[in-house]
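Down below is the structure, laid out as structure tokens.
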Amino acid sequence: MIIVQTPLRVSLFGGGTDFPGYYREQGGCVLTTAIDKYVFVTIKRRFDDKLRVGYTRTELVDDVSQIEHELIREAFRLTGITSGVEITTMADIPSAGSGLGSSGAVTVGALHAMHAYQHEMPSAERLAREACEIEIEKLGKPVGVQDQYIAAYGGFRWIEFAGDGSIGVERLSLDPFVERSLNDNLLLFFTGQTRDASHILTEQQANLSVQAPVLNALRDMAIEARREVAAGNLDSLGRLLDEGWTLKRRLASKISNGSIDALYERAQRAGALGGKITGAGGGGFLLLYCANGQRQSVREALRGLRELPFRFEPDGSKVIFDYRR
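Using this note's numbering, you'd call the opening residue of the sequence shown number 1241 and step up by one each time.
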């Protein structure tokens, strides 16, 4: 049996500029971090030639083409595994509609497990590139490319998307005190709402040309946020998050709703400097930046919501167990 651990992520700035339809024209960038919440993928040989896939459902099939889990099916096809394997996926959070990059983590983790099963040691770049190929090219999902890259690489990262299609991934080395303070000042709460991100992302993708000025502003804000965090000006990030959330809501009609707006306003009244809904929006997790003295009051204001404590995760997808007889 092989077990692969792949991190989820919190995207701070630049989300939306990682759509190929945008960055191939304008160039994009994100400030993002892996967190210590994971998708786990296990893979092992079966006694027979069937394929078994376990997630919220269980599939037992004779042929790869019969697998209904699209990401797993296409990962099998890409890696060339055709029979005699069991694979399961488990996550630390609700896997559907969390806004923490779970589909990208599942795809990267499944590919990593399958390559390891075949005694291959894929690079982070290869895992990310193949995951993008599956989600965007093979399945035509209306998604960007940041989730696959941060899941594969891990760490606190600056990722740039160039007009020629190249993607640069840089680990940001922060002063340990600054990094710890930033981590402490970011709070994550589950809104209790999940959503199918594809509807929001499809609308957002269709509006890329119209919304180019908004995306340009979000891209420039990410560049500013990188400068501020490098200088240790952490409270500036809270104010930038607030400005970014105001902009992001213009990208699609269902990024926010009345209940999310009410939660955000309640958090701000309690002292949060800024925040955002993670991922595409519409539900999932509410990320808030709270200066040191305001964290507890914000927690009290949102005491009806489940908090998800997290730490930044330095590593990307990795094999954590490999036992073969």
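Heads up, the beta-carbon is just placed ideally off N, CA and C, and yes, glycines get one too.
As the structure is a computational prediction, the values presented were derived from the model and not from experiment.
{"Asked": "DSSP state of Leu1412 mapped onto helix, strand, coil", "Found": "coil"}
{"Asked": "Identity of the residue in Glu1370, Arg1292, Gly1255 and Ser1338 nearest Gly1524 by Cα", "Found": "Ser1338"}
{"Asked": "Buried or exposed by the 16-neighbour rule on C-beta atoms within 10 Å, applied to Glu1505", "Found": "exposed"}
{"Asked": "Assigned secondary structure, Asp1404 (DSSP; H/G/I helix, E/B strand, else coil)", "Found": "coil"}
{"Asked": "Residue ranges of each alpha helix (DSSP H) within the stretch 1467-1536, 4 or longer", "Found": "1474-1488 and 1498-1509"}
{"Asked": "Completely contained alpha helix (DSSP H) runs for the stretch 1289-1366, where each covers 4 or more residues", "Found": "1310-1319 and 1342-1357"}
{"Asked": "Among Arg1249, Gln1536, Ser1363 and Glu1373, the one whose alpha carbon lies nearest that of Arg1551", "Found": "Arg1249"}
{"Asked": "Where Ser1421 sits in the DSSP three-state scheme", "Found": "helix"}
{"Asked": "From Leu1271, Gly1408, Glu1483 and Gly1254, residue whose alpha carbon lies closest to that of Gly1515", "Found": "Glu1483"}
{"Asked": "Nearest-angstrom Cβ-Cβ length linking Asp1258 and Gln1386, presumed shorter than 8 Å", "Found": "4 Å"}
{"Asked": "Residues that Cys1269 bridges to, as DSSP identifies them", "Found": "Glu1400"}
{"Asked": "Proximity winner among Glu1360, Gly1254 and Gln1451, relative to Thr1518 (alpha-carbon distances)", "Found": "Gly1254"}
{"Asked": "Identity of the residues DSSP links to Ile1560 by a beta bridge", "Found": "Paired residues: none, contrary to the question."}
{"Asked": "Given 8 Å, three or more beta-carbon pairs between the stretch 1368-1375 and the stretch 1266-1283", "Found": "no"}
{"Asked": "Three-state secondary structure assigned by DSSP to Asp1276", "Found": "strand"}
{"Asked": "DSSP state of Leu1597 mapped onto helix, strand, coil", "Found": "Not covered by the structure: residue 1597. The range shown for the chain is 1241 to 1565."}
{"Asked": "Tyr1263 and Leu1426 closer than 9 Å at C-beta", "Found": "no"}
{"Asked": "Classification of Met1461 by the beta-carbon crowding that lies within 10 angstroms, buried from 16 upward", "Found": "buried"}
{"Asked": "Span of the beta strand (DSSP E) around Gln1245", "Found": "Ile1242 to Phe1253"}
{"Asked": "Cβ neighbour criterion (16 or more within 10 Å) applied to Glu1400", "Found": "buried"}
{"Asked": "CB contact flag (Arg1292, Val1244, <9 Å)", "Found": "no"}
{"Asked": "9 Å Cβ cutoff met for Ile1312 and Thr1296", "Found": "no"}
{"Asked": "Whole-angstrom C-beta distance between Ala1507 and Val1538, which should lie under 8 Å", "Found": "5 Å"}
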